[in-house]
Each structure stands twice: as C-alpha cells, then as structure tokens.
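Residue numbers (the working numbering), protein chains in the order written: chain A, 1 to 202; chain B, 1001 to 1202. Don't be surprised by glycine CBs; every beta carbon is placed ideally from N, CA and C. These notes concern the structure reproduced below.
2 protein chains.
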Amino acid sequence: MTSPFRSAQGRSEDRAIKRQALLTAAVRLFNERGFHATSLDEVATSVGVTKPLVYHYLGNKDQVLLECVSFGLAQLREVAEAARAVPGRGIDRLKAFLRRYAEVVMGDFGRCVIRTSDEMLTADSRARFRAAKREMDAAMREMLEAAVADGSVRIADVRLTAFTIAGALNWSARWHNDDAGQSRAETARDMVDILCAGLEPR
Amino acid sequence: MTSPFRSAQGRSEDRAIKRQALLTAAVRLFNERGFHATSLDEVATSVGVTKPLVYHYLGNKDQVLLECVSFGLAQLREVAEAARAVPGRGIDRLKAFLRRYAEVVMGDFGRCVIRTSDEMLTADSRARFRAAKREMDAAMREMLEAAVADGSVRIADVRLTAFTIAGALNWSARWHNDDAGQSRAETARDMVDILCAGLEPR
DNA sequence: ATTGACATATACTCATGAGTAACTCAATGA
DNA sequence: TCATTGAGTTACTCATGAGTATATGTCAAT
C-alpha cells in the first residue's frame, strides 16, 4: 500500500507514466493512420485528455514524432549492444542481432522508425534522426565485417548486404500482424534463417 | 515536320503528353517530399501551370496518387509477364523477375508504390491499391513455387520467403540514389545474387 | 489560510491547402 | 462568321489542424 500523499518522487514518476502513455498513444496512431493523417487532437482524445496537455507533456508535433523514433532507435541500439555480448562465432552474434532487430521493428516504436521518412521531420530533428539511423547501419556493417573476419560468413559487398538484410527485416514492419500468423519471434527467426542461408561458406 | 494544324488525333496525343508530364511531376514531388507534404499547387507550379489544370487533367489529389501507384504497379505487372517468358530453369526466371522488379522499384513510379501506404488513399482507391499489391505478391509466390517445383531452389516457407525477398528489394526504393554509387541495374543484380545464394540447393 | 507550482480544460488564432466557380482566350468545326 | 469546346487562369470558399492565451482547479509546502 502506498500512501495517498505522494512524495515529490511519486509525482515525478506519475508524470513519467503519463508521458509514456501519451507517447504510446501517439505512436500507435501514427502507425495506424500515418503521421500526417493523425492530429494531436486525436492523440489526446484517444487517452481521454485534450490537446494542450499533449503540448504540456511532449511538445509540438515534430517533437512528438522525434521522441517516438528516438525511442525506437534506442531500442535498436540496445539490441546491438546486447548482441555484441553473445558468445560464439561472428555469425552467431550476427544472427542474434538480426533476430532481435526484427522483433523491435515489428513493435510499436520500431515500426514508427521504419515508417517515418526524413521529410516528415523539421530540418533539425531530421539531422538527428538520420544520424541515429546511420549509427544503426554502421552497427550492422560492423557485425557483418566481424563475421567475415572470423570466417563464419562470406560476403562480397558488405554495404549492399547490410542494406539488403536491413530492408528485408524492416519490411516486416509493414506486413507483420500480431493477431495473425506467426509471432514476432517466430517470424524473426525464420526470416533470419532465410537471409543467412546464403552467407555461410560452402 | 508536323503540320501546325493538329488533327483530332494530334490533339489527343498532345493531351496525353501533358497529362503524363503532370503525372511525372507529381510522382517526383511525392517521392521527394512525401505525399501529404506536397500540395497540388506545387505540382502545378513545378510544371509552370496552375492548380485547376491539375484537376482538369488528373482529378483530385487522391486520384493523382492512385494514378501514380497504378502506373508503378502496371510496370511491375509487365515485369512479371516478361519474366514468365524467360527460358531456363525456374530460378532463372525468378532471378530475371527479381532483377527487373528491383529496377522498377528504384524508378519514379515504383518508388511511389513502395512509399505509399494504404491510409493515404480513400477507402475506394485503397481497395484497388491493395488488390494490385496482392496480385504482385501472388506473382512472386507463383514464381517461387515454380522454382521449387522444378527443383532449382529449396524453400521452407514460400510466403515468408516472398515477403523477405520483396522487402529487401523494396527497401532499395528508400536508399538507392541514381547519382551516387552503382546504377540501378548493378544494384539489382547484386541484391538478387545475395538473396538467391541461400535458395539454391547444396 | 496563503502561495505557488503544476495539471488540465476552454476557447480561441492563424496558416495552409483542397477543391471550385467563373472567367478569358484560342482553335475547330458547322 | 458564329457557336462550341477545351485549355488555362484568377480569385475565391471552406475545412482542418497546429499551436497558444488564458482560465480553473488541486495539491503540497509554508
């Protein structure tokens, strides 16, 4: 039982929870209807509050979107981080990375990263968005190169292979449906197997 | 030299040319700035005319977009048609199809197909758009199944493989740049090799 | 009790962009 | 030569949605 008199900390936790609820509502609507077709009014209403509150917690529409994609990109960064610690050969780390990458991309914030294209953001936010995406791309290439280096895969063109694999996984953000067919984890596993079948040396 | 007195046919050719010019201008801007961020005013101005003329030739904004994606999907349909006539094993037809598919997807109208998501269209147009996309998906699966049938590839899950390959190729619509790096044809060829390496039986 | 900080709402402003009415002008055809 | 048609324009209407000014209530600390 918590006391009804919330401490300063309690209040700021409260605020963080509300913030997150608003952010999640926003990202869901963005994914469902598209960013431009979603008004902040709708975001607010979907949580039972009014628009100015969205500005209070999250700022203007551009900032809301930036926050959503930043969150998604942070999840992807964590996935890369975690994959580096996986034991085994390069390809094992790579596969672990790709699987978890795909799982994130099928989630709310990951989907938003994929569906958001640069022109939706202001010049400022756009620069940060692109930088974070480049970082992910670099992480993917590094992992490919490490696997090449330890001989667990054979790759002619790392850059193109990275784009190809990323594209295949990213696209699941468009078609995967949680309520039908395989789960995210199953889908991710199978896609990764399909993609990596051609990488292992014969 | 054509006569300055254009015949009825000449005039309707003229009209078709102008129509196409407007459509191309529209698709380029949609790709560059995004559909919602592009006004029909800008489309008109980019060709040196005024907005009502766009309505005169192409109809409302939804119809313009539908026309763009229909054109892109028609190109893809042609590609599928042509690939069926390619001689050789199933995998040869498949590879020919995928290469040309990728090339289309890196072009103006193909890119627009990829970048357009359902919610941008009215319910009516959306239905037609989805139907055409399903048709393409079916074509891709058919080609995979044919290659499985004649033993030139081994595939565990045709549906998922189709999504995976399509995703990898579709994504090039997002990153490929005509003015830098490899040409469309080179890029397409190399992506297809990467993707098919894992399909051929060992 | 009083003050101040924060949460939340009402009720606006303002810009933008879709879509249209209505006009002009030129060529075509009877 | 006059009527018709189609190309193209100007100058609007109208809805929507981003963003804000300002009011109100509520809690916590003094």
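- Task: Within 10 angstroms of the Cβ of residue 1268 of chain B, are there 16 or more other Cβ atoms? Answer buried if so, exposed if not.
- Result: Here chain B covers residues 1001 to 1202 and nothing more, so residue 1268 of chain B does not appear.
- Can you find at least 3 beta carbon pairs, one from the stretch 57-66 of chain A and one from the stretch 153-163 of chain A, that sit closer than 8 Å? For the pair of segments examined, the stretch 57-66 of chain A was found not to touch the stretch 153-163 of chain A: the number of CB pairs separated by less than 8 Å stays below three.
- Item | Within the stretch 1044-1129 of chain B, ranges of the alpha helix (DSSP H) (whole runs, at least 4 residues) | Entirely contained in the stretch 1044-1129 of chain B, the alpha helix (DSSP H) runs reaching 4 residues are, in chain order, 1051-1058, 1061-1084, 1090-1105 and 1108-1115.
- Task: Please state if the CB of residue 169 of chain A and the CB of residue 188 of chain A are separated by a distance shorter than 9 Å.
- Result: The residue labelled residue 188 of chain A in the question sits at position 188 within the first sequence. The residue labelled residue 169 of chain A in the question sits at position 169 within the first sequence. Going by C-beta atoms, residue 188 of chain A is nearer than 9 Å to residue 169 of chain A.
- Which residues in the same chain as residue 1111 of chain B place their Cβ atom closer than 6 Å to its Cβ, once the five residues preceding and following it in sequence are excluded? For the purposes of this step, residue 1111 of chain B is identified with residue 111 of the second sequence, where counting begins at 1. If we look at residue 1111 of chain B and ignore the five residues flanking it on each side, its Cβ neighbours are 1031 and 1173.
- Query: For residue 154 of chain A, does the three-state DSSP call read helix, strand or coil?
  - Reply: Numbered from 1 along the first sequence, position 154 holds the residue referred to as residue 154 of chain A. Three-state DSSP puts residue 154 of chain A in coil, outside helix and strand.
- Message: Please state the DSSP three-state secondary structure of residue 19 of chain A.
- Response: Taking the first residue of the first sequence as position 1, residue 19 of chain A is located at position 19. Here residue 19 of chain A sits in helix by DSSP.
- Identify the contact partners of residue 1091 of chain B in chain A, using a Cβ-Cβ distance below 9 Å as the criterion. Counted from its first residue, the second sequence places residue 1091 of chain B at position 91. Listed along chain A, no residue sits closer than 9 Å to residue 1091 of chain B by beta-carbon distance, the nearest being about 13 Å off.
- Please list the partners that residue 107 of chain A has in chain B, where partner means a Cβ-to-Cβ separation under 8 Å. On the first sequence, position 107 is the one that residue 107 of chain A refers to. Correct list: empty, because the minimum Cβ distance to chain B is about 17 Å.
- Check the Cβ-Cβ distances between residue 1202 of chain B and every residue of chain A, and say whether any is below 9 Å. As a first step, residue 1202 of chain B is located in the second sequence; it is residue number 202 there, counting from the start. For residue 1202 of chain B, the answer is yes, since a Cβ of chain A falls inside 9 Å of its Cβ.
- Message: Taking the alpha carbon of residue 151 of chain A as the reference point, which residue from A:201, A:27, A:167 and A:35 has its own alpha carbon closest?
- Response: Residue numbering aside, residue 151 of chain A sits at position 151 when the first sequence is read from its first letter. The shortest Cα separation from residue 151 of chain A among A:201, A:27, A:167 and A:35 belongs to A:201.
- Closest Cβ-Cβ distance between residue 1172 of chain B and chain A: below 9 Å? Translated into the one-based positions of the second sequence, residue 1172 of chain B becomes position 172. Contact with chain A is found for residue 1172 of chain B, since one of that chain's Cβ atoms lies less than 9 Å from the residue's Cβ.
- Query: Apart from the five residues just before and just after residue 1196 of chain B, which ones in its own chain have a Cβ nearer than 8 Å to its Cβ?
  - Reply: As a first step, residue 1196 of chain B must be located in the second sequence, where it is residue number 196. Spatial neighbours of residue 1196 of chain B in its own chain (CB-CB distance under 8 Å, excluding positions within 5 residues in sequence) are listed in chain order as 1091, 1094, 1095, 1098 and 1153.
- Task: Could you check what DSSP says for residue 164 of chain A in three-state terms: helix, strand or coil?
- Result: Here the question's residue 164 of chain A lines up with position 164 in the first sequence. Here residue 164 of chain A sits in helix by DSSP.
- Item | Min CB distance residue 119 of chain A to chain B below 9 Å | To locate residue 119 of chain A, count along the first sequence from 1; it is residue 119. Judged by the 9 Å Cβ criterion, residue 119 of chain A is in contact with chain B.
- Between residue 1032 of chain B and chain A, is there a C-beta pair that is closer than 9 Å? The residue you call residue 1032 of chain B lines up with position 32 of the second sequence. Yes - at least one Cβ of chain A is within 9 Å of the one on residue 1032 of chain B.
- Among A:16, A:102, A:128 and A:180, which has the Cα closest to the Cα of residue 56 of chain A? Stepping through the first sequence from its first residue, residue 56 of chain A is reached at position 56. Nearest to residue 56 of chain A by C-alpha distance, out of A:16, A:102, A:128 and A:180, is A:16.
- Message: For a cutoff of 9 Å on Cβ pairs, would you count residue 157 of chain A as touching chain B?
- Response: Locating residue 157 of chain A in the first sequence gives position 157, where the first residue counts as 1. Taking CB atoms only, residue 157 of chain A has a neighbour in chain B less than 9 Å away.
- Residues of its chain near residue 4 of chain A, where Cβ-Cβ distance is below 6 Å and the 5 sequence neighbours each way are ignored: By 1-based counting over the first sequence, the position of residue 4 of chain A is 4. Unreliable positioning characterises residue 4 of chain A in this predicted model, as indicated by a pLDDT of 40, which lies under 50. The coordinate reading is nonetheless provided below. None.
- Nearest-angstrom beta carbon gap, residue 1072 of chain B and residue 941 of chain B [assumed within contact, 8 Å]: In this structure chain B extends from 1001 to 1202, so residue 941 of chain B is not present and cannot be described.
- Message: To the nearest angstrom, how far is the alpha carbon of residue 67 of chain A from that of residue 1085 of chain B?
- Response: The residue you call residue 67 of chain A lines up with position 67 of the first sequence. The residue you call residue 1085 of chain B lines up with position 85 of the second sequence. Note on geometry: alpha-carbon atoms of residue 67 of chain A and residue 1085 of chain B lie some 50 Å from one another.
- Can you have a look at residue 1038 of chain B and say buried or exposed, based on whether 16 or more other CB atoms are within 10 angstroms of its CB? In the second sequence, the residue the question calls residue 1038 of chain B occupies position 38. Buried is the call here.
- Message: Below 8 Å on the Cβ atoms is my contact criterion, and I expect residue 27 of chain A with residue 109 of chain A to pass it. Report the Cβ-Cβ distance as a whole number of Å.
- Response: Indexing the first sequence from 1 puts residue 27 of chain A at position 27. Indexing the first sequence from 1 puts residue 109 of chain A at position 109. With a Cβ gap of about 6 Å, residue 27 of chain A and residue 109 of chain A count as contacting.
- Per-residue DSSP class, three states only, for residue 1172 of chain B: Within the second sequence, residue 1172 of chain B is the residue found at index 172, counting from 1. DSSP, read as helix, strand or coil, puts residue 1172 of chain B in helix.
- Which same chain residues, not among the five before or five after residue 50 of chain A, have their C-beta less than 6 Å away from its C-beta? Here residue 50 of chain A refers to the residue found at position 50 when the first sequence is read from its first residue. For residue 50 of chain A, where only same-chain residues beyond five positions count, the Cβ hits under 6 Å are 44.
- Message: Please confirm whether residue 1122 of chain B has its beta-carbon closer than 9 Å to some beta-carbon of chain A.
- Response: Translated into the one-based positions of the second sequence, residue 1122 of chain B becomes position 122. Judged by the 9 Å Cβ criterion, residue 1122 of chain B is not in contact with chain A.
- Contact list for residue 1191 of chain B against chain A, beta-carbon separation under 7 Å: Counting from 1 along the second sequence, the entry for residue 1191 of chain B is found at position 191. Going along chain A in sequence order, the residues near residue 1191 of chain B (Cβ under 7 Å) are 160 and 164.
- Query: DSSP three-state call for residue 189 of chain A: helix, strand or coil?
  - Reply: Position 189 of the first sequence holds residue 189 of chain A. Helix at residue 189 of chain A.
- Message: Under 9 Å, Cβ to Cβ, is there at least one residue of chain B near residue 56 of chain A?
- Response: Taking the first sequence and counting its residues from 1, the one referred to as residue 56 of chain A is at position 56. By the rule that beta-carbons nearer than 9 Å mark a contact, residue 56 of chain A does not touch chain B.
- Which residues in chain B sit within 9 Å of residue 198 of chain A, going by Cβ to Cβ distance? Here the question's residue 198 of chain A lines up with position 198 in the first sequence. Those are 1193, 1194, 1195, 1196, 1197, 1198, 1199 and 1200, listed as they occur along chain B.
- Within 9 Å, strictly: CB atoms of residue 184 of chain A and residue 106 of chain A: To locate residue 184 of chain A, count along the first sequence from 1; it is residue 184. To locate residue 106 of chain A, count along the first sequence from 1; it is residue 106. Going by C-beta atoms, residue 184 of chain A is nearer than 9 Å to residue 106 of chain A.
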